[in-house]
């Protein structure tokens, strides 16, 4: 596995818009959290926030009614500009982008936002997107690192950005999560404070021009769902433990080497104690310094993983542990060694960063500081598609919601979630798989936009009840990753987890991520899904993957390729080369995307059906989304003996 080096970083948040400003804020011991000023909130409501001072000016105009997206992009461009400051034009042309956000302008596709940012920065490589609530940024770094490590990209710019809006404050307030004063995680004060900002990392396959001396690298990454609750973490920290265990295993890092944890540390009653239980499990009870930078910059939502990681790296460059502003005395169940209100001298050589989000999302990273080293090798496993299912609106309408999926009551779930859950359940059944706690099954879902039905329901609720009278549950159900999270909970999927947003290519990209997670050893069995629809209807696909399938004819995932959006032929050529195939050997069995409705995994399901029936031996799936990327996947028949 190619090593992944951090060669650039950028940040903007309530504590400042540069590394120097953020370091000065850390050293001051004073929080950037204060009263909200951009808009008003009702009297008596908690509204302590850390606002980023940046003008939302864009080279490409964004409509005035899309102010959240406008500010989100402005902050992303600011941080990304710092991270990529030394890239020459030719380097920018070859750079991929991974974008993460929870931005709430639901009528804009995440793929459109990513394309706008990439165009402004002159990045012509593939543009990928991630949205899994507050674990988004950390998952995005892991995906970016995987692209470099697997050879899919020599250089990746990972950017995450999120903003404070009246609706976000109202939603967190209705959930009872906001503190009455600026938050101090792990202390006696209960509650969190919101923030906004952006972080960016430039990841490359080499440490720099000289290749000598010390460098920072992303050594491991992992993700998991805890399948527990829409807004609260598993009380035993199960999700964060498994995400970190996966990251440490991939890095080949013994827990005793970890010297610092940049914790999710929201300050809420449910999070902090559960997180420490999970961290202790993954770190085998080793003593470790812990900090939460939400005490300085607030909870920057989908961007928090990158904002906090970049701030931690700033402290690391000053040979220090980042602080927990305002911390004096721990609450019961807190880590025994919380770094106090100012940076602690003696920076770690190995740190981990963990984050969690609504819907049970968890992600973790291992970052090491060491001399430049040769590439390491990772034993990669073969992955097979063993089950597939496609669900259309007519099937959803005729379902017995109590019996459609064994052991799952679908009645409380929205239409989109029902469709996805049925597709995934049918794929599992076809593969003869059943998720278990001992050997968790993971899930990656491709979804271009939020559930339109849930968005309309929220708008109706706000119109009738007002921001602070609407149901908190409806607020959480409008996060883009909600259907996938709800399915993970319903089906007991506790393995690697993520939601990708690349328009009509999102399904193929989700399949690539699921395959790579299985290849790396993060899970033996994985599910890949895809979801789209309108106000009343939903279409879904489910694919079941296994590294050790039962006897019979299955479909081997031979290779994949990602290319710029305008280079579908390039993706096709690359995947043929990686598969070692001659074009003539697959031309008669070519399955190209452009499905209607736009479900690229439906082409995969159709190809798998033909292969298992013996009609064809090989298939090549190619699709592309304007402004995002082109993706190609090669499949072939494989007979497993008993």
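Numbering (full-length UniProt numbering), first residue to last: 1 to 642. Ideal placement from N, C-alpha and C gives every residue a C-beta, glycine not left out.
Notebook entry, point to check: Nearest CA to the CA of residue 198: which residue from 161, 169 and 34?
Noted result: Stepping through the chain shown from its first residue, residue 198 is reached at position 198. Comparing Cα-Cα distances from residue 198 to each of 161, 169 and 34, the minimum goes to 161.
Item checked: Validate contact between the segment 575-592 and the segment 450-470 using beta carbons, cut 8 Å, 3 pairs -> no
Check: Does the segment 302-322 come close enough to the segment 358-369 to have 3 or more Cβ pairs within less than 8 Å?
Finding: yes
Checklist line | Residue ranges of each alpha helix (DSSP H) within the segment 428-485, 4 or longer | finding: 452-465 and 472-477
Check: When you compare each of 118, 21 and 35 to residue 97 by their alpha carbons, which one comes out closest?
Finding: As a working mapping, residue 97 is identified with position 97 in the chain shown. Of the listed residues, the one whose Cα sits closest to residue 97 is 118.
Margin query: Please report the straight-line C-alpha distance between residue 190 and residue 387, rounded to a whole angstrom.
Written below: Against the chain shown, residue 190 aligns to sequence position 190. Against the chain shown, residue 387 aligns to sequence position 387. Using only the alpha carbons, I get a separation of about 46 Å.
Checklist line | Given residue 172 as reference, the closest of 470, 529, 620 and 564 once Cα atoms are compared | finding: Against the chain shown, residue 172 aligns to sequence position 172. The shortest C-alpha separation from residue 172 is found at 470.
Margin query: So, for residue 635: in the same chain, excluding its five sequence neighbours on each side, which residues have a beta-carbon less than 8 Å away from its beta-carbon?
Written below: In the chain shown, residue 635 corresponds to position 635, counting from 1. The residues are 385, 555, 556, 557, 558, 604, 607, 608, 611, 618, 619, 620 and 621.
Item checked: Between the CA atoms of residue 481 and residue 467 - distance to the nearest angstrom -> Counted from its first residue, the chain shown places residue 467 at position 467. Counted from its first residue, the chain shown places residue 481 at position 481. Roughly 22 Å between the two C-alpha positions.
Notebook entry, point to check: Rounded C-beta distance between residue 441 and residue 523? I'm assuming under 8 Å.
Noted result: For the purposes of this step, residue 441 is identified with residue 441 of the chain shown, where counting begins at 1. For the purposes of this step, residue 523 is identified with residue 523 of the chain shown, where counting begins at 1. Correct: roughly 6 Å between the Cβ atoms.
Next item on the list: Report all residues from its chain with a CB closer than 6 Å to the CB of residue 18; omit the five preceding and five following residues, and keep chain order.
Entry: Here residue 18 refers to the residue found at position 18 of the chain shown. Closer than 6 Å at the Cβ level, and outside the excluded window around residue 18, lies no residue.
Margin query: Buried or exposed, going by whether 16 or more other CB atoms sit within 10 Å of the CB of residue 217?
Written below: If you number the chain shown from 1, residue 217 lands on position 217. Buried: at least 16 other Cβ atoms inside 10 Å.
Item checked: Neighbourhood of residue 420 by C-beta distance below 6 Å, restricted to the same chain and skipping five residues each side -> For this step, residue 420 is matched to residue 420 along the chain shown. So the qualifying residues of the chain are 483, 487, 529, 531 and 540.
Notebook entry, point to check: Hey, would you say residue 304 sits closer than 8 Å to residue 225, going by beta carbons?
Noted result: Along the chain shown, read from residue 1 onward, the residue named residue 304 stands at position 304. Along the chain shown, read from residue 1 onward, the residue named residue 225 stands at position 225. No, the pair does not count as a contact, with Cβ atoms beyond the cut-off.
Check: Any idea if residue 103 is buried or exposed, counting beta-carbon neighbours within 10 angstroms, 16 or more meaning buried?
Finding: As a working mapping, residue 103 is identified with position 103 in the chain shown. It is buried - the Cβ of residue 103 has at least 16 other Cβ atoms within 10 Å.
Check: Using the C-alpha atoms, what's the distance from residue 616 back to residue 71?
Finding: Residue mapping note: residue 71 aligns to position 71 of the chain shown, counting from 1. Residue mapping note: residue 616 aligns to position 616 of the chain shown, counting from 1. Cα-Cα distance, rounded: 50 Å.
Notebook entry, point to check: For residue 406, does the count of other Cβ atoms within 10 angstroms reach 16, so buried, or fall short, so exposed?
Noted result: The sequence position of residue 406 within the chain shown is 406, counting from 1. Residue 406 should be labelled exposed.
Next item on the list: Might you give, ordered along the chain, the residues of its own chain that have their beta carbon closer than 6 Å to the beta carbon of residue 550, omitting 5 neighbours on each side?
Entry: Here residue 550 is taken as the residue at index 550 of the chain shown, counted from 1. Cβ within range, chain order: 432.
Check: Using DSSP with H/G/I as helix, E/B as strand and the rest coil, what is residue 167?
Finding: Working through the chain shown from its first residue, we reach residue 167 at position 167. If DSSP states are grouped into helix, strand and coil, residue 167 belongs with the helices.
Check: Quick one: is residue 394 buried, meaning 16 or more other Cβ sit within 10 Å of its Cβ, or exposed?
Finding: Within the chain shown, numbered from 1, the residue matching residue 394 stands at position 394. Exposed, by the Cβ-count rule.
Item checked: Proximity to residue 533 [Cα-Cα], best of 519, 92, 494 and 391 -> Within the chain shown, residue 533 is the residue found at index 533, counting from 1. Residue 533 has its Cα closest to that of 391, out of 519, 92, 494 and 391.
Check: In angstroms, rounded to a whole number, what distance separates the CA positions of residue 320 and residue 351?
Finding: In the chain shown, the residue the question calls residue 320 occupies position 320. In the chain shown, the residue the question calls residue 351 occupies position 351. For residue 320 and residue 351, the distance between alpha carbons rounds to 12 Å.
Notebook entry, point to check: Given 8 Å as the limit, is there contact between the segment 283-296 and the segment 225-239, that is, 3 or more CB pairs closer than that?
Noted result: no
Notebook entry, point to check: Which class does residue 181 belong to by DSSP, given the choice of helix, strand or coil?
Noted result: Mapped onto the chain shown, residue 181 falls at position 181. The answer is coil: DSSP assigns residue 181 none of H, G, I, E or B.
Next item on the list: Mind checking who residue 553 pairs with in its DSSP beta bridge?
Entry: Locating residue 553 in the chain shown gives position 553, counting from the first residue. Answer by DSSP bridge pairing, in chain order: 639.
Item checked: Separation of residue 184 from residue 329, as counted between CA atoms -> Looking up residue 329 in the chain shown gives position 329. Looking up residue 184 in the chain shown gives position 184. Distance between the alpha carbons of residue 329 and residue 184 is about 10 Å.
Notebook entry, point to check: CB-CB under 6 Å to residue 15, same chain, minus the five flanking residues each way: which ones, in chain order?
Noted result: In the chain shown, counting from the first residue as 1, residue 15 sits at position 15. For residue 15, where only same-chain residues beyond five positions count, the Cβ hits under 6 Å are 22, 25, 32, 296 and 297.
Check: Once you ignore the five residues that flank residue 139 on each side, which residues in its own chain have a CB closer than 6 Å to its CB?
Finding: Here residue 139 refers to the residue found at position 139 when the chain shown is read from its first residue. Hits under 6 Å: 130, 132, 223, 363 and 498.
Notebook entry, point to check: Quick one: what's got a C-beta closer than 8 Å to residue 80's C-beta in the same chain, skipping five residues either side?
Noted result: What you label residue 80 is simply residue 80 of the chain shown in a count that begins at 1. If we look at residue 80 and ignore the five residues flanking it on each side, its Cβ neighbours are 10, 117, 121, 157, 159, 198 and 200.
Check: To the nearest whole angstrom, what separates the beta carbons of residue 288 and residue 260, a pair I think is in contact under 8 Å?
Finding: Looking up residue 288 in the chain shown gives position 288. Looking up residue 260 in the chain shown gives position 260. Rounded, the Cβ-Cβ distance is 7 Å, consistent with contact.
Note to self: Excluding the 5 residues flanking residue 182 on each side, which residues of the same chain have their C-beta closer than 6 Å to its C-beta?
What the structure shows: Locating residue 182 in the chain shown gives position 182, where the first residue counts as 1. If we look at residue 182 and ignore the five residues flanking it on each side, its Cβ neighbours are 31, 33, 48 and 193.
Check: Can you tell me where the beta strand (DSSP E) with residue 13 in it begins and where it stops?
Finding: Counted from its first residue, the chain shown places residue 13 at position 13. Unbroken beta strand (DSSP E) run through residue 13: 4-13.
Note to self: Checking the sheet assignment: what are the DSSP bridge partners for residue 200?
What the structure shows: As a working mapping, residue 200 is identified with position 200 in the chain shown. The partner list for residue 200 (beta bridge, DSSP) reads 10 and 159.
Notebook entry, point to check: What's the call for residue 336, buried or exposed, on a 16-neighbour Cβ count within 10 Å?
Noted result: The residue you call residue 336 lines up with position 336 of the chain shown. Exposed.
Check: Below 8 Å between beta carbons: does that hold for residue 485 and residue 361?
Finding: Counted from its first residue, the chain shown places residue 485 at position 485. Counted from its first residue, the chain shown places residue 361 at position 361. Result yes, Cβ atoms of residue 485 and residue 361 sit closer than 8 Å.
Notebook entry, point to check: Near residue 396, which residues of its chain fall below 8 Å by C-beta distance, leaving aside the five closest residues on each side in sequence?
Noted result: Residue 396 sits at position 396 when you count from the first residue of the chain shown. Cβ neighbours of residue 396 beyond the five flanking positions: 415, 418, 419, 422, 537 and 538.
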